[in-house]
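**Student:**
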Amino acid sequence: MNALRFGQIGTAVLLIVAGCGGSEPKVEYPQSDAGGVVQTGGGAQVGVAEPGAPGESSGLTGAAKDAYDRGWKAWLAGDLPGAKAAFKEALDKAPNSPAAHYSLGTVLDRLGDNSGAQQEFRAGFSAKPDYEPAICAYALSLARSGHAGEANTFISDKQVKMGKSPRILTCAADVKSLANDSAGAQQAAQDALRIDPDYKDAMVAIARDHYKAHRTELAKYALQAILDGFGDSSPPRDKDNAEAHLLRGLILREQGSRQQAMADFQAAVNKRPDMVEALIQLGAMKLEAGNVGEALPLLEGAVRFGPNNPLAHLNLGDAYRLSGRPQDAKKEFDTALSQDSSLAVAHYDLGLLYLFTPNVPGTTADSQVATAIKEFETYRSMRGAKAPPGQSDDVDELLSRAKAKQAEMKNAAAAGTGGGGAPAGSGSAPKAGSQPPPKK
């Protein structure tokens, strides 16, 4: 694959946009919830940042460098609070280190402190005006937090001041893509490749924008150039690129190629064990296959690296539910809902927890069934009275089952036969794959 081929892809996109009168289709991220286990916005991890590696801590010496290196090791272990403390210690000893500011900002971003992260990113490029990691992280943070116009103005200003930088142009592409300006995103990425035909991040930005705008075949073509190449004359440009593997995995999963998708998600996790969406996707697919043992550490990793990600908590809760750990499951479902109250499937999973767990600590058999009914009805209300056309779920069947159980328990209590009948969890629970459809 060469820059010309990427240029040809970009030309095709511009023709598509022109043919539509310049308007972009409304982007609805493909979401997969198969098994009530995963519900993720595909391709959402744009330009996923990690702290600067020890080799990037130029200018740090002595105790400051020791603290910085401890922060990096803590990050690799998924200890975000430890990484935060260590990077702060490095900054106490070297307050003008752009790498330490950037790395602390990255950790704060994962911890959900958006304003704190942006403050650190600004400090990073204030200490060193051409420090591109902090510049890009700040622009993407603005764009992801709903300030696309401000992000675009900021990164455009940096382009003028810094000249033609492939990294800055690629950041501009991602910012424009997040704002649904696909034509602008493709143009910026193409400009980056004209400067450096081997710049992998720009190639990924092109593929990601195609995918976001539902141009799947163009996305797959770009990803093939990155991961597989086109024969001896055009070898793969970056066969281990984690974001490219994640993106191709999302596409393959949507197309029903499960084994190939799992292989790509695994490759992404192998390269970047901090990549939350890849951890969620791979863990979810293992749950769907009934492999709870392998899914659990992946989803626990997703929560460690993405503690503010409601989908990570949702999926981990389902893994705990299927592992027979009801208290842990409920805690994760409650956390997911506290972070995103619109997550209807969390109510469905809570219904399963209360209906099929033999004994949820702190509850009685009749209160378990009543709570299950309440959660299923909440789920059904949030998703609508009927499942969307072409989709189906078993919530009505589960509600009937729970209400029949409730009636049986009431009749038993009225007849004086023990008051409560069989435990709420009597009967067989549905398999992990027997769950609601994705919520679009």
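Taking UniProt numbering, the leading residue of the sequence shown gets 1, the next gets one more, and so forth. Cβ coordinates follow ideal geometry from the N, Cα and C atoms, glycine included. Note that this is a predicted model, so its numbers are computed, not measured.
Using a 10 Å radius around the Cβ and a threshold of 16 neighbouring Cβ atoms, would you call P297 buried or exposed?
**Tutor:** exposed
**Student:** Do the stretch 159-174 and the stretch 189-207 meet, that is, are 3 or more Cβ pairs less than 8 Å apart?
**Tutor:** yes
**Student:** Do you know offhand how far Q224's Cα is from E50's?
**Tutor:** 25 Å
**Student:** Indicate the three-state DSSP secondary structure (helix, strand or coil) for Y138 in the structure shown.
**Tutor:** helix
**Student:** Rank L316, G362, G62 and V204 by C-alpha distance to the C-alpha of S177 and give the top, closest one.
**Tutor:** V204
**Student:** With a Cβ-Cβ cutoff of 9 Å, do A117 and D109 count as a contact?
**Tutor:** yes
**Student:** Does the Cβ of T61 have 16 or more other Cβ atoms within 10 Å, making it buried, or fewer, making it exposed?
**Tutor:** The residue in question, T61, is exposed, as its Cβ has fewer than 16 Cβ neighbours within 10 Å.
**Student:** Does the beta-carbon of E217 have 16 or more other beta-carbons within 10 angstroms, so that it is buried, or is it exposed?
**Tutor:** exposed
**Student:** Less than 9 Å between the C-beta atoms of A67 and K93, yes or no?
**Tutor:** The Cβ atoms of A67 and K93 sit closer than 9 Å to each other.
**Student:** Please classify F333: does DSSP put it in a helix, a strand, or coil?
**Tutor:** helix
**Student:** Restricting to Cα atoms, I'd like to know which of K286, M285, D328 and E332 is closest to N308.
**Tutor:** E332
**Student:** Are the beta-carbon atoms belonging to F230 and H245 less than 9 Å from one another?
**Tutor:** Cβ atoms of F230 and H245: not closer than 9 Å.
**Student:** In the structure shown, what three-state DSSP assignment does D328 receive?
**Tutor:** In this structure, DSSP gives D328 a helical state, which the three-state scheme calls helix.
**Student:** Distance check for A143 and E150, CA to CA, integer angstroms please.
**Tutor:** 8 Å
**Student:** Return the CA-CA distance between G71 and F87, expressed in angstroms with no decimal places.
**Tutor:** The straight-line gap separating the alpha-carbon atoms of G71 and F87 is approximately 5 Å.
**Student:** Can you have a look at V107 and say buried or exposed, based on whether 16 or more other CB atoms are within 10 angstroms of its CB?
**Tutor:** buried
**Student:** Could you tell me the distance, in whole angstroms, from the CA atom of Y211 to the CA atom of D181?
**Tutor:** 13 Å
**Student:** Which runs of the alpha helix (DSSP H), 4 residues or longer, sit entirely within the stretch 81-114?
**Tutor:** 98-110
**Student:** Could you give the DSSP three-state label for H214: helix, strand or coil?
**Tutor:** coil
**Student:** Would you call the CB atoms of A412 and Y379 closer than 9 Å?
**Tutor:** no
**Student:** Could you check what DSSP says for R194 in three-state terms: helix, strand or coil?
**Tutor:** DSSP places R194 in helix when its eight states are reduced to three.
**Student:** At a cut of 8 Å, does the stretch 357-376 reach the stretch 334-344 through at least three beta carbon pairs?
**Tutor:** The stretch 357-376 makes no contact with the stretch 334-344: fewer than 3 CB pairs, one atom from each, lie closer than 8 Å.
**Student:** Buried or exposed, going by whether 16 or more other CB atoms sit within 10 Å of the CB of P25?
**Tutor:** Residue confidence for P25 is low, a pLDDT of 27 falling below 50, so the modelled location carries little weight; the figure read from the coordinates is stated next. With fewer than 16 other Cβ atoms within 10 Å, it is exposed.
**Student:** Whether or not the stretch 226-242 and the stretch 250-257 are in contact is what I'm after, with contact meaning three or more pairs of Cβ atoms, one per stretch, closer than 8 Å; do they touch?
**Tutor:** no
**Student:** Would the C-beta of K65 count as close to the ligand GTP, meaning under 8 Å from any of its heavy atoms?
**Tutor:** Of ligands this structure carries none, so the ligand GTP is not represented either.
**Student:** Relative to the C-alpha of V360, which residue among L337, D328 and G384 is closest?
**Tutor:** D328
**Student:** Please name the residue in E277, K200, Q186 and I280 whose C-alpha comes closest to that of R215.
**Tutor:** Q186
**Student:** Please classify S115 as buried or exposed, where buried requires at least 16 other C-beta atoms within 10 Å of its C-beta.
**Tutor:** Under a 10 Å Cβ-count criterion, S115 is classified as exposed, with fewer than 16 other Cβ atoms of the shown protein chains found around its own Cβ.
**Student:** Can L353 and R321 be called in contact, C-beta distance under 9 Å?
**Tutor:** yes
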